[in-house]
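**Student:** Have a look at the structure that comes next, please.
Numbering (the UniProt record's numbering), first residue to last: 1 to 257.
This is the structure:
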């Protein structure tokens, strides 16, 4: 009996094209995914200027990955296999053993295939980690699960770079909450669990500590504030001591989670 050959699945956006070899038995499922994905994209613009469209082959592939992660098409087994297949394709074709941030830095400075920092964060990094966490809920919590070694830490180990730790004071700025929102949006799969825990703990303290509600007059609806900017308290409230003392420490801790 002759083994079936994998079938090429073509993903396109304007002149950008990427191909993935898919198992013939699931080809119809992958066609459904690509059809839905194509409909989810805006019309191609000149120079791929729209923030919501990919500008490079790597962004097209990771944006497709993000679509699959959030798709309700097919069974959970089919979806898991698709995510794994797309991730493996991306890592083999683009990362070559390096980490996503090293690749992102190179991609951002690639004059032959111009893109933007916004697209690097939202098309590339965000969807890459969404795929990783979809396959392993504990991804990033251990060194073993994180895969490639940090380029900076490797350079420091090889004595090609120096790393310093600076300990300062409270150090909050007027826009510290926007920094946290950016981390939450870009690395959602990695940090959402931690931030939900922060919210739960603080809300429990507010509810169980006498007169605490008089201090936290707007409550502590952290996740809602992050996901819905229009619900976020004004800067005066965010910079008040009860709120800023807690939240100015969350962004740097979140980056280490």
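A virtual CB, placed ideally from N, CA and C, is assigned to each residue, including glycine. None of the values given here were measured: they were computed from a predicted structure.
In whole angstroms, what separates the C-alpha of residue 101 from that of residue 157?
**Tutor:** Locating residue 101 in the chain shown gives position 101, where the first residue counts as 1. Locating residue 157 in the chain shown gives position 157, where the first residue counts as 1. Spanning the two alpha carbons is a distance of roughly 18 Å.
**Student:** Using a threshold of 8 Å, state whether the C-beta atoms of residue 54 and residue 16 are closer than that.
**Tutor:** To locate residue 54, count along the chain shown from 1; it is residue 54. To locate residue 16, count along the chain shown from 1; it is residue 16. Yes, they are a contact pair.
**Student:** Where does residue 160 sit, in a helix, a strand or coil, going by DSSP?
**Tutor:** As a working note, residue 160 is residue 160 in the chain shown. Here residue 160 sits in coil by DSSP.
**Student:** Enumerate in chain order the residues of its own chain whose CB-to-CB distance from residue 186 is below 6 Å, with the five nearest sequence positions on each side excluded.
**Tutor:** Taking the chain shown and counting its residues from 1, the one referred to as residue 186 is at position 186. Around residue 186: 121, 125 and 126.
**Student:** Report the partner residues of residue 9 according to the DSSP bridge assignment.
**Tutor:** As a working mapping, residue 9 is identified with position 9 in the chain shown. 20, per the DSSP bridge assignment.
**Student:** Check residue 73 in the structure and name its three-state DSSP category.
**Tutor:** Indexing the chain shown from 1 puts residue 73 at position 73. In the structure shown, residue 73 sits in coil (DSSP, three-state: anything other than H, G, I, E or B).
**Student:** At which residue ranges does the stretch 60–129 contain complete alpha helix (DSSP H) runs of 4 or more residues, listed in the order of the chain?
**Tutor:** DSSP runs (the alpha helix (DSSP H)) wholly in the stretch 60–129: 76–90 and 100–108.
**Student:** Sorted by chain position, which residues of the same chain lie with C-beta nearer than 7 Å to residue 104's C-beta, five sequence neighbours on each side aside?
**Tutor:** For the purposes of this step, residue 104 is taken as residue 104 along the chain shown, with counting starting at 1. Answer for residue 104: 120, 124 and 125, listed in chain order.
**Student:** Is it the case that the Cβ atoms of residue 241 and residue 220 are separated by a distance below 8 Å?
**Tutor:** Locating residue 241 in the chain shown gives position 241, counting from the first residue. Locating residue 220 in the chain shown gives position 220, counting from the first residue. Contact flag unset, no.
**Student:** Hey, could you find the ends of the alpha helix (DSSP H) residue 207 is sitting in?
**Tutor:** The sequence position of residue 207 within the chain shown is 207, counting from 1. Its alpha helix (DSSP H) spans residues 188–208.
**Student:** Just the Cα atoms here: how many angstroms apart are residue 115 and residue 45?
**Tutor:** Residue mapping note: residue 115 aligns to position 115 of the chain shown, counting from 1. Residue mapping note: residue 45 aligns to position 45 of the chain shown, counting from 1. One C-alpha to the other measures close to 13 Å.
**Student:** Anyone know if the C-beta pair for residue 196 and residue 223 falls short of 8 Å?
**Tutor:** Numbered from 1 along the chain shown, position 196 holds the residue referred to as residue 196. Numbered from 1 along the chain shown, position 223 holds the residue referred to as residue 223. Yes, these two residues count as a Cβ contact at 8 Å.
**Student:** Near residue 52, what residues of its chain come up, given a Cβ to Cβ distance below 6 Å and the 5 sequence neighbours on each side ignored?
**Tutor:** Here residue 52 refers to the residue found at position 52 of the chain shown. These residues qualify, in order along the chain: 42.
**Student:** Can you give me the Cβ contacts of residue 133 inside the same chain, cut-off strictly under 8 Å, excluding the 5 residues immediately before and after it?
**Tutor:** As a working note, residue 133 is residue 133 in the chain shown. Correct list, in chain order: 139, 140, 189 and 190.
**Student:** Leaving out the 5 sequence neighbours to the left and right, which residues in its chain are closer than 7 Å to residue 62 when beta-carbon positions are compared?
**Tutor:** For the purposes of this step, residue 62 is taken as residue 62 along the chain shown, with counting starting at 1. Excluding residues within five positions, the ones whose Cβ falls inside 7 Å are 90, 123, 124, 127 and 128.
**Student:** Can you give me the Cβ contacts of residue 218 inside the same chain, cut-off strictly under 7 Å, excluding the 5 residues immediately before and after it?
**Tutor:** Here the question's residue 218 lines up with position 218 in the chain shown. Contacts found: 233 and 237.
**Student:** Hey, how far is the Cα of residue 10 from the Cα of residue 83?
**Tutor:** If you number the chain shown from 1, residue 10 lands on position 10. If you number the chain shown from 1, residue 83 lands on position 83. Their Cα atoms are separated by approximately 16 Å.
**Student:** If you drop the 5 nearest sequence neighbours on each side, which residues of the same chain put their C-beta closer than 6 Å to that of residue 130?
**Tutor:** If you number the chain shown from 1, residue 130 lands on position 130. Around residue 130: 66, 69 and 189.
**Student:** Taking a contact to mean a Cβ-Cβ separation below 8 Å, would you say residue 30 touches residue 22 in this structure?
**Tutor:** In the chain shown, residue 30 corresponds to position 30, counting from 1. In the chain shown, residue 22 corresponds to position 22, counting from 1. In this structure, residue 22 lies closer than 8 Å to residue 30 by Cβ.
**Student:** Considering just the uninterrupted stretch of the alpha helix (DSSP H) at residue 36, what are its terminal residues?
**Tutor:** The sequence position of residue 36 within the chain shown is 36, counting from 1. Unbroken alpha helix (DSSP H) run through residue 36: 27–40.
**Student:** Please classify residue 245 as buried or exposed, where buried requires at least 16 neighbouring CB atoms within 10 angstroms.
**Tutor:** By 1-based counting over the chain shown, the position of residue 245 is 245. It counts as exposed.
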